[in-house]
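As structure tokens, the structure follows; a few thoughts come after it.
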Amino acid sequence: MCPEMIKAAALVSEGGAKLQALIDCVYFNEIPDFELTVISSDPNAYALTRAKNAGLACYVVEEAIFPNGASFALALLNKLRDLDIDLIILSDFFPAIGEGTARLYSGRVIGARPALIPAFEGLRDGAVCAAAIERGIKITGATSYYANDSGGPGPIIAQKTVDVLPDDTPGSLRRRVMEEAEWRLLPEAVKLHCQGKLTIENGRVMINP
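The opening residue of the sequence shown carries number 1 in this note's numbering; numbering runs sequentially from there.
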């Protein structure tokens, strides 16, 4: 159990499918002593509707109104500080969080990606499954991770594999990777973090009993 209440912010930019997996965990109290807030870079993101329907506090730091990524990242960091956030969860969040935020929250930024990292680095999530089919990959999957000091995928927390079927399309494969891997890995990583079971040693994540 968490030693104290952990205030987490799920950062979102679109529909919020990963967010829904976290909302379900909150609803069923699967992560004790855990308070979830949602911050969106897009005021029209459906993720905000999901969050409001679940009774979660929602905020918008709109990327489009800032002249550059650096000013957006600073505004985001200020909002995180204002809310006294302990843990950042990257949940289909498109903008870069910024190196300042990544460093300040080192070991406290968790994300999940629909690939077996380091495979397909540099591709956006939506392009990974199409690339896997194009390359003839037989096994793909998803990875939960802590962000590195640049805000990208860093130390790996866990991975789960998904078979690529002969008749898969990018859409069907993406759906199965989400349902069978990503949506399970992200909440589990958050839960382990909140329980104090994760430590980073020499760039590797150790899961402690």
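Each residue gets a CB set at the ideal place from its N, CA and C atoms; glycine is no exception.
What you are looking at is a predicted structure, and each value in this text was computed from that prediction instead of being measured.
Item, Value
"Whole-angstrom distance between K7 and D84, CA atom to CA atom", "7 Å"
"Outcome for M206 when other beta-carbon atoms lying within 10 angstroms are tallied against a minimum of 16", "exposed"
"Beta-ladder partner(s) of Q195, from DSSP", "Note: Q195 sits in no beta bridge, so no partner."
"T140, buried or exposed, once every other Cβ within 10 Å from all chains shown has been counted against 16", "buried"
"Alpha-carbon to alpha-carbon, P166 and A147", "33 Å"
"is_contact[V177, chain C] using C-beta, thresh 9 Å", "Note that chain C does not occur in the displayed structure, where there is just one protein chain."
"Where the alpha helix (DSSP H) through E62 begins and ends", "Where E62 is concerned, there is no enclosing alpha helix (DSSP H), given that its DSSP letter is neither H nor E."
"Nearest to E180 (by Cα), restricted to the options Q159, G196 and T169", "Q159"
"Nearest-angstrom Cβ-Cβ length linking A142 and A112, presumed shorter than 8 Å", "6 Å"
"Segment contact flag, the segment 91 to 101 with the segment 49 to 56, C-beta cutoff 8 Å, min 3 pairs", "no"
"Identified DSSP bridge partners for A45", "Answer is none; A45 lacks a bridge partner."
"For E198, the nearest candidate out of R135, I110, A21 and A10 (CA to CA)", "One point to set straight first is that residue 198 is Leu, not Glu, in the sequence displayed. The shortest C-alpha separation from L198 is found at I110."
"Where I39 sits in the DSSP three-state scheme", "strand"
"CB of D215 within 9 Å of CB of D125, strictly", "Residue 215 is absent from the model: the chain starts at 1 and stops at 209."
"Own chain partners of M1 with C-beta closer than 8 Å, once the 5 adjacent residues on each side are dropped", "Summary for M1: the model assigns pLDDT 39, below 50, so the residue's position carries little reliability; its value from the coordinates is reported in the next sentence. The residues are P32, D33 and Q195."
"Beta carbon of D86 nearer than 9 Å to that of R103", "no"
"Extent of the continuous beta strand (DSSP E) to which G107 belongs", "Unbroken run through G107: none, as it is neither H nor E."
"A54 beta carbon less than 9 Å from that of V26", "yes"
"Beta-carbon spacing of L186, K18 below 9 Å", "yes"
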